[in-house]
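Structure first, then comments.
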Amino acid sequence: MTHPDPAPARPRVRFGGDYNPEQWPRETWDEDVTLMARAGVNLVTVGVFSWSTLEPSPGERNFAWLDEVLDLLHSHGIDVDLATPSASPPPWLGILHPETLPVTADGVRLAAGSRNQFTPASAVYREHALALTRDLAARYVDHPAVVMWHVGNEYGQLDHGDEAAREFRAWLQRKYGDIATLNREWGTAVWSQGYRAFEEVLPPRAMPYLVNPTQNLDFRRYSSDMMLACYAEQRDAIREAGATQPITTNFMGFFPHVDYWTWADQVDVIADDQYPDHSQPHSAADAAMVQDLMRSLGGGRPWLLMEQAINAVSWRPHNLPKSRAQALLDSYQAVARGADGICFFQWRQATAGAERHHSAMLPHAGEDSEVFRTVCALGEGLSALAPVVGGRIEARVAMAFDWESWWAASEPGRPTSLLDTVEQAQRWYRVLWSLGVAVDLVRPGAPLDGYDAVLVPHSYIVEPAFAASLEAAVARGATVVVGPYSGVADARGHIQVGRSPVLLAELLGVSGEEWAGLPSSPTALVPTAAWSSAPASPTASILGERLRASGADVLATFGPGHLAGLPAVTRRTVGTGSAWYLGAVVSDDALASVLTDALTGAGIAGVLPDLPAGVEAVRRGDALFLLHHGDVPGRVTLPRPGRDLLTGEELAGEVEVAPGRTIVLIEGDHA
Amino acid sequence: MTHPDPAPARPRVRFGGDYNPEQWPRETWDEDVTLMARAGVNLVTVGVFSWSTLEPSPGERNFAWLDEVLDLLHSHGIDVDLATPSASPPPWLGILHPETLPVTADGVRLAAGSRNQFTPASAVYREHALALTRDLAARYVDHPAVVMWHVGNEYGQLDHGDEAAREFRAWLQRKYGDIATLNREWGTAVWSQGYRAFEEVLPPRAMPYLVNPTQNLDFRRYSSDMMLACYAEQRDAIREAGATQPITTNFMGFFPHVDYWTWADQVDVIADDQYPDHSQPHSAADAAMVQDLMRSLGGGRPWLLMEQAINAVSWRPHNLPKSRAQALLDSYQAVARGADGICFFQWRQATAGAERHHSAMLPHAGEDSEVFRTVCALGEGLSALAPVVGGRIEARVAMAFDWESWWAASEPGRPTSLLDTVEQAQRWYRVLWSLGVAVDLVRPGAPLDGYDAVLVPHSYIVEPAFAASLEAAVARGATVVVGPYSGVADARGHIQVGRSPVLLAELLGVSGEEWAGLPSSPTALVPTAAWSSAPASPTASILGERLRASGADVLATFGPGHLAGLPAVTRRTVGTGSAWYLGAVVSDDALASVLTDALTGAGIAGVLPDLPAGVEAVRRGDALFLLHHGDVPGRVTLPRPGRDLLTGEELAGEVEVAPGRTIVLIEGDHA
Amino acid sequence: MTHPDPAPARPRVRFGGDYNPEQWPRETWDEDVTLMARAGVNLVTVGVFSWSTLEPSPGERNFAWLDEVLDLLHSHGIDVDLATPSASPPPWLGILHPETLPVTADGVRLAAGSRNQFTPASAVYREHALALTRDLAARYVDHPAVVMWHVGNEYGQLDHGDEAAREFRAWLQRKYGDIATLNREWGTAVWSQGYRAFEEVLPPRAMPYLVNPTQNLDFRRYSSDMMLACYAEQRDAIREAGATQPITTNFMGFFPHVDYWTWADQVDVIADDQYPDHSQPHSAADAAMVQDLMRSLGGGRPWLLMEQAINAVSWRPHNLPKSRAQALLDSYQAVARGADGICFFQWRQATAGAERHHSAMLPHAGEDSEVFRTVCALGEGLSALAPVVGGRIEARVAMAFDWESWWAASEPGRPTSLLDTVEQAQRWYRVLWSLGVAVDLVRPGAPLDGYDAVLVPHSYIVEPAFAASLEAAVARGATVVVGPYSGVADARGHIQVGRSPVLLAELLGVSGEEWAGLPSSPTALVPTAAWSSAPASPTASILGERLRASGADVLATFGPGHLAGLPAVTRRTVGTGSAWYLGAVVSDDALASVLTDALTGAGIAGVLPDLPAGVEAVRRGDALFLLHHGDVPGRVTLPRPGRDLLTGEELAGEVEVAPGRTIVLIEGDHA
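Chains as they are written, first to last, in my numbering: chain A, 274 to 944; chain B, 274 to 944; chain C, 274 to 944.
Structural data, given as structure tokens:
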């Protein structure tokens, strides 16, 4: 990270949103900047979808309007995150160069009329995007409004066409060197798939039956890398033009088509778009996990909430609104979990186009509206949170998560399609969230030093480096908890031969020989005396393993059924360290019991004891955040008296937290 | 309407069906006409699917069989509705001219083997169809059997291919003149969709994400217009050949792909195909609404039920049969609601092809069958209804319905996909139907003179002319009731800026700033004292609005939830006029209460008071129709004594209506 | 059958599985043969997916590894079923000859990366496959290990592309001779589908609406025949090379795309792949029906269970494991029902490719595993069953089943999609299975001599030969039971005109005029006095017929509803023969009652009286098989004392059969 943080010298929380002035008449712009200033907006993203305005015909440049926009914003003290418009090429690009259009696995070439109609594999697309990026950078690199660069938008476009075939082959050649190696690593002897040359290899297109899983897995890797190359060449062009501002692009949480671990050190600031679905019961915890992912991708550095919605989105089949309380909670939660900037899509609500019903900071009804009043209230609140800027979160717990493993575990031809890597991670995370325990997400194989507990909810792939780091952790006294169906495959997605999880079996003191789908009605688990805190009726479902303990204590066995009497939950003790294994997808109560026991054993407690349901507690830097997502008032005993940054109130002892309220407490001396 | 009605000098109800003699050996024809005569059939549609028989190879003409068919029918006193066979080109057309075949949004060119494999955009298709039409008209224009012309069949074929692209562009050029105008009206500045020329514009094909809604909306308009052009050029050719008979084509009720408001004055007689699904609880009311639509499309003139099924259809996944009572009710209901002709698909049940299991007047089992006896009974009944022919229905209530608004409201990227324009109209209509209140469907913007109540269940688009007509109605003392999520957009589908419904807010005395999806469990409505007839526990679901009353009385507010305490139902009184607004999709009981109150306030009552459940009451001309769709006998008090045309019975005072019975009462003097 | 059975001189049950050594390093092979020998494996199928290994580039031959494999196997006493590898061409074939790739109805050309990417219509594909087959046969025809030949694998690949169009037309020309005949037989006068020449006819591709059902039906016939031609030319090539071993391919039970009646006499041994889904309640009976189909396809000869899974499969969304008891039951059941060989897919579990999670005889965990111990136990058990080899099953009951009728009944445009031919056959079969009554499946039209009862659960097509055989059966005193919606159509799928079932109405003494979908809540059946054993509350659902009895006794009428009071179940008595008709899909209890009565009337009883629930009883040759699929111990009284081949135990009188147990009793003298 050689480039500056987006936060300026005087610390303040960044606040604003996407601003698309080219969609509005000139007179609107004045109202925009006036209302932005009133709301406390200090950062807007400009130009994300401006390609056809900036380059109305090939090679033409239309920068005058942008000059005026940037000057106007700057004159009102509003900084700019300037975007390269490469996410949505103008229709002329696809008309003149059909090969720039993406092609589905079924061979359908996607047309203009929406957005994203490009393949990252197309050199023609990339050259056009790059030429415009260079001119944009040259013109605005020194503009005083520009404090950040935003390359493209939500990279995620897949392509299975001939352009992709060419680049995929080149990627494979770089990876494997020769075709014999590819044949071996892909296991092409199965089903007679041997290739004579890289020229014969195709992206996974429509096929008569199940695809070769390694082919699919490599195509996912290639696709992520191909998009990263698009990003990187634009970033480099901006840097080459002399830019000193940070350069980034916006991530999308647990987005399935991009491996953000490989992208994270290619952006100067982690930025993320977050649209939690609050019709789901666990949305607050799930959103928190996304935010912890972002913090973890950046190695703990503050990140930017680049896009969210102030009210409803419009792309779900049914879109629930956000109350003001919810909108504030969503934003403060992000600050609590490391965000130094809170932005929205978008500033002014569109009247035309596919997002005309997507909420915005300034709604169709105008400034005299609940939404705009919420925006102003948020601007004020964020302004009060300036002391938090730059603060870090300390976590003693690590949770492993990996895109490659998720991908490999999602390939067809598996014991069950009911077990999803992210869903299982969410279930584990919710336990920690409700306890107020901070957790870092870690890439398998990364060092685990400093963590007292390491959780592995579901890591289908376990490579030697990861196994070694887990062993080292236990050896130095840490607690490791591994979930079912882990350690199944290697990085190629090939099953590891032997008793599973092959590379972890010795560490765990238990090994298996079968991953068995469980029947639709839950299977009882029978706790042993060793599981003192077992819930009343723990069960397993979805998947269970045929295990044999060799060194581990058995905490529970399977009740009647295919695995009756065999170990289901085990714990091996190694000095002060311990290694737990869950040989089944266990019920929520069982999971909570296991994780609570494991954390307690590792000497880890939450930020506050006995959190009321729905109250989230996080320490960031000097601040203690309490956010109440529930709908029943809760009482919390503060460890030390302090001052609430949002209200200025002095708080001490037992305080009532109203539903929807956020308290940001600066305790004692810091206050 | 310069052309004669299909009804001849001596009034009689037309009765018959599609007749496809080319599918049967010659000897069968004699049995056909004998049995037709026995059943009272007086009109058959011939030639709908005869193209490959009439023109077995390009340019060839094979009319001899048709000469014989028409002569035979005429000799038995059966009139003919002669069809142009353009709905189903022969396979050779697609083989010789693949560009005549329709293409899906995914680029799949549809093949022969079914029917409808043409694109209306193809000049080659149209020339072939037209040439045959000209020859057909020239040959039969003076044939004494031919009393009507039937162009094509159930126009509804979409095309997204290159032929369509060419015609769509031409249509757009005619509409917008220059590309800059299109760019503005389509809002192409959103998502970088700016076009340089019409040549770059495409039909909405498969895209990476949501389509530009105005592009989609214009494509729907173009598609309807393109099909209308196909119809019109054949109609003109028939007329040019000297035809004096009425010319029409068959509509399909609330068919989503054609705007029948723009078609209605292009046909001499409104004709409709109706296949109600009686497995649905409200099928009788829903069928009535379709019939009122047909009457309204024709400006109140009698219409033709061109196709229905005498028993089961075969194209649903599971097809329930019709009892004789149901078959009679379906037909008499159409007469009650303005039909002067009752026809079926088809005369003789096919033994081959895709409709071999679709019921027909003469089933596989032959004349000794329940179905054929039902047909004969119906023929007899319709014959008795001759006095009704030409009769009109008087309605004091208008209900707005518009295809364009339906289309725009259906575009993706909206608050909820659970609110459908036709479904909401059906819910409103059912209230009127159960009250026995006659209603005309009106096109928004049409004059509303003479209506004492105007209902607007859901009009997503409200243009100034429509707003003005509603204002004028209230000003002259009428009652207007507007449903939720109305007045959202203009004709481009762009959201109207300001407090909604922008053009109606002043009239309604209430305005809104948010269309909010409601949670899946219903939201309570809290009636105020002003809503005296409120039901016990009214609720709202799907969508509610954030409203502020300014001049209207608040009849109900929202209970706990996102909109708690805010107005949900309002009524503004303007002299003797009143303007109601429903700011939510309200429960059936609430809707019935509101509409009943509004009608009562407007001095409107049903044909008969206190109709038993399931009994439909309609006045057409001098006749009072009572149709019992329920399954429990009901008692009705007749306003005046009279004679039942169907039984000849004299009826007076309280009469019992048996389930399935139809009474057609000619009262007092008329009887 | 001029060729020898796969069973060698010394009778033994064949035992083994697919063996794919080319997927493993050489050193693994030694372990393989050692463990095979330990498990008692005596037959493995080699080479199914070896094309790209055998012919890594066009025309190249790489046989050395196969030489070694065959020698190694032979040296360990393991016989080989040698496969032609034509099921999965190498990628180079599709790259060099794209026309060899199959095309979907939507025009999507399927790519390599899976398997099966060929069209049987491609001469290029067939030539390549044939050339390799010839060389393979020439090389190994005399190899002592090779005891059987296995052509291709699971034939089932459809193609709708231009290659298929050419071959389909040729097939049609052979069938119909001239286009006028095709037009008549396809009913192309419906919907204007008249063809001028065979060159205009296409496979059923994507169309605007429902396909011509006869076109679809003929395409199914053509597809089955086209695949058979592929099989047959390879078989002939092997025979021409001098092979004396039996040649076969593997069937897939009630597979919808191949008519195995036309294939059965083209294979020397019937071989089948069976993957019952034991999450379904009736899987044991359904599996038994598949096995009886295989026995019947072979005219009663022993058959081979060519593929099954020892534990879970991996291609369902959720895959339940098999217990050891289940694995043994599945295998012994096949032997009970005529199998002389029990094989698995596959020997060693793959670690790569789409089937890496499909269970295998030697799992990832290795020999120290429950699965491998099960394999060894099975090997031992099968070895004890040698006395059963070659034994036949005698059935006095025939059940009609036909692919053509199933296909025609599945065409769109029908009364209901809820009535499936195979599902109805399964319902009938389950009654017989639970009674322990042996049944042969017969092709309609085949002689029915020797059967005392003939069941026709659902035969949509009834041709004159079938009707005549049923008449003859009744005439000679047999009992015939015909299910609803039978005798509807002729072999063209055209509806037969007249009262249904036209060709059977006289025999049955009842005739109908309507096939009516029944409402979703069951319709009561009202038994008459003639149905003495009627259950308490019989019902009908899905479909009922409007019947009129003329000679038959009415056993039940329909309760309230569309068919109220009309006959639903009838029986006509003709001398000692009787003909039953079920005019509705009746409830399980009603069906059991009817079939039990009918069998009793025909003097047919089960192998044992009063079988406990879940206990299957079969006599094969001298052996009485008792297999307990339930989970509650059952008691059975043995008719005669005997010895259990599996345990060596002497058994007599009442014995308890434990859940999961199989008893193979050799009674009295034979023992």
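The beta-carbon is built from N, C-alpha and C at its ideal position, and this holds for glycine as well.
Just so we're clear, the structure is a prediction, and the values are computed from it rather than from any experiment.
query: For the region 460-477 of chain C, which residues have a beta carbon sitting closer than 9 Å to at least one beta carbon of chain A?
result: none
- prompt: For the region 701-748 of chain A, which segments carrying the beta strand (DSSP E) assignment without a break, of at least 3 residues, lie completely within its bounds, in sequence order?
  reply: 712-715, 726-729
- prompt: By how many angstroms is the C-alpha of A585(A) removed from the C-alpha of F471(B)?
  reply: 35 Å
message: Counting only C-beta atoms, is E628(A) closer than 8 Å to chain B at any point?
response: yes
query: DSSP on H401(A), reduced to helix/strand/coil?
result: helix
task: Would you list the residues sitting across from G614(B) in a DSSP beta bridge?
output: R287(B), L577(B)
task: Find the residues of chain A that neighbour P730(B), judging by a C-beta separation of less than 7 Å, and give them in chain order.
output: Under the 7 Å cutoff, chain A gives no residues; its nearest Cβ is about 20 Å from P730(B).
query: Between the Cα of V314(B) and the Cα atoms of G817(B), V799(B), I615(B), which residue gives the shortest distance?
result: I615(B)
message: Alpha carbons only, please: which of L828(B), T522(B), L881(B), Q599(B) is nearest the one belonging to L855(B)?
response: L828(B)
field: Residue environment, L924(C), which counts as buried when at least 16 other CB atoms sit within 10 Å
entry: buried
field: Proximity test, Cβ basis, 8 Å: V319(B) and chain C
entry: no
- prompt: Between M421(C) and the rest of its own chain, which residues show a CB-CB distance below 6 Å, the 5 nearest in sequence each way excluded?
  reply: P279, D354, Q518, P519
query: Taking the alpha carbon of E473(B) as the point to measure from, which residue in G460(B), F441(B), I877(B) has its own alpha carbon closest?
result: F441(B)
- prompt: Taking the C-alpha atoms as reference points, what is the distance between Q606(B) and R512(B)?
  reply: 33 Å
message: Can you confirm whether I351(C), when its beta carbon is compared against all beta carbons of chain A, has any partner nearer than 8 Å?
response: no
query: Using the C-alpha atoms, what's the distance from Y702(B) back to H902(B)?
result: 16 Å
query: Could you give the residue range of the alpha helix (DSSP H) that holds N421(A)?
result: A quick correction: the sequence has Met, not Asn, at residue 421(A). M421(A) -> not in any alpha helix (DSSP H); beta strand (DSSP E) instead, spanning 419-423.
- prompt: Which residues in chain C sit within 7 Å of L383(B), going by Cβ to Cβ distance?
  reply: A479, M480, P481
- prompt: Since G460(B) contacts S325(A) with CB under 8 Å, what's their CB separation in whole angstroms?
  reply: The Cβ separation is near 12 Å, so there is no contact.
Neighbour-count burial assignment, R457(B), 16 or more Cβ in a 10 Å radius: exposed
message: With a threshold of 8 Å between beta carbons, is A789(A) in contact with chain C?
response: yes
message: Is there a Cβ of chain A sitting closer than 8 Å to that of Q488(B), yes or no?
response: yes
message: With the cut-off set at 8 Å, would you say R493(C) and W788(C) are in Cβ contact?
response: no
- prompt: Quick check: the region 727-745 of chain C against the region 772-779 of chain C, are there 3 or more CB pairs under 8 Å?
  reply: yes
query: So what does DSSP say about T869(A), is it helix, strand or coil?
result: helix
- request: Going by CA-CA distance only, name the one from V306(A), A659(A), A741(A), P284(A) that's closest to E640(A).
  value: V306(A)
- request: Alpha carbon to alpha carbon, how far is L691(C) from R412(C)? Give it in angstroms, no decimals.
  value: 52 Å
query: Quick one, which of V727(A), D675(A), F527(A), W464(A) has its alpha-carbon nearest R629(C)'s?
result: W464(A)
CA nearest to the CA of P329(B), picked from L405(B), A396(B), A516(B): L405(B)
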